[in-house]
Amino acid sequence: SDAGLTLRNIQFVATGSGQGPIQLTGSAESEPGRVQLAGQVDPAQQHLTLTVTGENFQAIKTTNLQAQISPDLKLDLTPQLARLEGTVTVPRAFLRPGGERPGTVNTSGDTVIVRERDGKIPEAKGRGMATYADLRVVLGQEVYLETPAFKGKLQGDLRVVETPELAPRGTGNVEVVAGKYKIYGEEIEIQRGQLLFSNSPLDNPALELRVVRQERDIISGNEIMAGAQIRGTAKRPKLSFFSTPTMADPDILAYLVLGRAPQGGGSGSESALLFKAAGALGSGQAGALSKGLGDAFGLDSAELGGGGGGGTSFMVGKYLTPRLYVGYGIGLLNAVNTFFLKYRFTKHLMLESASNVFGTGGDAVYTIEH
160 SDAGLTLRNI
170 QFVATGSGQG
180 PIQLTGSAES
190 EPGRVQLAGQ
200 VDPAQQHLTL
210 TVTGENFQAI
220 KTTNLQAQIS
230 PDLKLDLTPQ
240 LARLEGTVTV
250 PRAFLRPGGE
260 RPGTVNTSGD
270 TVIVRERDGK
280 IPEAKGRGMA
290 TYADLRVVLG
300 QEVYLETPAF
310 KGKLQGDLRV
320 VETPELAPRG
330 TGNVEVVAGK
340 YKIYGEEIEI
350 QRGQLLFSNS
360 PLDNPALELR
370 VVRQERDIIS
380 GNEIMAGAQI
390 RGTAKRPKLS
400 FFSTPTMADP
410 DILAYLVLGR
420 APQGGGSGSE
430 SALLFKAAGA
440 LGSGQAGALS
450 KGLGDAFGLD
460 SAELGGGGGG
470 GTSFMVGKYL
480 TPRLYVGYGI
490 GLLNAVNTFF
500 LKYRFTKHLM
510 LESASNVFGT
520 GGDAVYTIEH
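Its first residue numbered 160, the sequence shown is counted upward by one per residue in the working numbering.
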């Protein structure tokens, strides 16, 4: 099947007397577990009730998603209402987001899902069956998540509630038991990580994440601990730095990314990497970090500005002589990096030149003082 499953020993029995509800029983196996169902359907009333229980049932097994579940669910279904309640325990799972789910139909690129500010879905005329769901999802001892930036083991207990008026909301927490976060190729240990839900939309939990990197200073031999803490929410995260011994934020960022403090006159690739990392933290903190990194690397300028190809770049540069200035623009939203130079011939005449993958251009700038 598309879900990568092999179902065995499938049994389903429906019994009735010709009057009243029809009794339903069934079961199926998917290694290493099985599920059972029991319930009844009343054709006259168009009413179905069903319970689903099981243990270690392999619900899906693909390259990017594997999950065993132990469900204990109750379904109540009429043409007007679907109500689902109960608990789903996930003892084992492996999730690698990015691949398409089996059997899904992709949404058109111009589709817009409209919600009110409080998360409510606007009333629609002719809406069909209303849906109520009240589920407890328990992540067991062997649940793993792998993304390009994160590898870790998760545990948690989350209550998910959905009504016709409200999008799904969660209460509970998901904890990173053990994991590593990758920043520009460097894996950094996650010391503590939690996604906290307090009747929150599932896509916007509160964050409590702490990453650390420990290195030994090559000069003093002392242990250096550098870290970052992320709080706020998934949509509005707030980041702060900490270290032992106490260091400036640019130094902490350098230890996290490079494993050592920034060095004046360091290589262009290292300074570019750090400025790009600073830009990834968001405009609210990028300015202060840029200035600090510029000072650490002995640069005369470090600022956020327009780059080649119309994107946003970190512009860094240095005066090699009082007349000659060279700079480098590091693309944040694209791969376009620009080299530029300025040479002042006289007090009023300056030549500017820039070069990137789109080509090379220059201007002569003549300033007239009034």
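Cβ coordinates follow ideal geometry from the N, Cα and C atoms, glycine included.
Would you identify the three-state DSSP class for residue i, choosing helix, strand or coil?
i	result
leucine 209	strand
aspartate 231	strand
leucine 415	helix
glycine 202	A quick correction: the sequence has proline, not glycine, at residue 202. Coil, per DSSP.
proline 360	strand
aspartate 376	coil
alanine 455	Confidence at alanine 455 is low in this model, with a pLDDT of 47, below 50, so the placement of that residue should be treated as unreliable; the coordinate-derived value is given next. Reduced to three states, the DSSP call for alanine 455 is helix.
Since residue i sits in a beta bridge, which residues does DSSP pair it with?
i	result
tyrosine 303	Phe253, Lys312
isoleucine 389	Leu368, Leu398
serine 189	Gly192
glutamine 353	Glu334, Glu367
methionine 384	Gln373, Thr403
isoleucine 219	Ala226
lysine 506	For lysine 506, which the question treats as bridged, DSSP gives no partner whatsoever.
glycine 329	Val319, Ser359
glutamine 170	Ser186
Would you report the Cα separation of residue i and residue j, rounded to the nearest angstrom?
i	j	result
alanine 337	isoleucine 349	7 Å
proline 191	glutamine 314	21 Å
asparagine 332	threonine 212	24 Å
glutamine 205	proline 238	7 Å
leucine 196	lysine 310	36 Å
valine 200	threonine 210	12 Å
proline 364	lysine 501	48 Å
leucine 234	alanine 241	7 Å
threonine 526	alanine 513	20 Å
serine 402	threonine 222	39 Å
lysine 312	glycine 175	48 Å
glutamate 374	arginine 351	19 Å
glutamine 170	leucine 412	59 Å
glutamine 182	leucine 207	10 Å
glycine 231	leucine 354	Inspection of the sequence shows that residue 231 is occupied by aspartate rather than by glycine. Near 25 Å, if we compare the C-alpha coordinates of leucine 354 and aspartate 231.
asparagine 358	threonine 330	5 Å
glycine 457	alanine 407	Note that glycine 457 has pLDDT 49, beneath the 50 cutoff, so the model's placement of it is unreliable and the number below is only indicative. Cα to Cα, the separation comes out at about 16 Å.
threonine 248	glutamine 225	14 Å
arginine 372	alanine 387	9 Å
aspartate 316	arginine 295	7 Å
threonine 405	valine 370	16 Å
glycine 469	aspartate 410	Note that glycine 469 scores 47 on pLDDT, short of 50, meaning its location in the model is unreliable; the coordinates nonetheless yield the value given after this. One C-alpha to the other measures close to 31 Å.
isoleucine 383	glycine 391	27 Å
alanine 289	glutamate 244	14 Å
proline 323	tyrosine 291	7 Å
serine 123	aspartate 293	Limits of the chain in this structure are 160 at one end and 529 at the other, which puts residue 123 out of reach.
leucine 398	isoleucine 347	16 Å
asparagine 381	valine 297	43 Å
leucine 366	lysine 339	16 Å
Within the same chain, show all residues whose beta-carbon is closer than 8 Å to that of residue i, passing over the 5 residues directly before and after it, in chain order.
i	result
asparagine 168	Ser186, Ala187, Glu188, Arg193
threonine 165	Ser189, Glu190
Note down, in chain order, each residue of its chain lying with its Cβ closer than 6 Å to the Cβ of residue i, except the 5 sequence neighbours on either side.
i	result
glutamine 227	Asn215, Gln217, Pro250, Arg251
proline 327	Val319, Glu321, Leu361
arginine 255	Asn223, Glu305
phenylalanine 253	Gln225, Tyr303
glutamate 334	Gln314, Gly315, Gln353
phenylalanine 400	Ala387, Asp408, Ile411
alanine 173	Ile181, Leu183
Starting from the C-beta of residue i, find all residues in its chain whose C-beta is less than 7 Å away, skip the five residues before and the five after it, and write them out in chain order.
i	result
glycine 163	Ile219, Lys220, Thr221
glycine 299	Thr248, Val249, Pro250, Arg251
aspartate 376	Ile383
Taking Cβ positions only, does residue i come closer than 8 Å to chain D?
i	result
threonine 306	The structure shown contains no chain D; it is built from a single protein chain.
Measuring from the CB of residue i, is there a heavy atom of the ligand MG at a distance below 7 Å?
i	result
glycine 329	Of ligands this structure carries none, so the ligand MG is not represented either.
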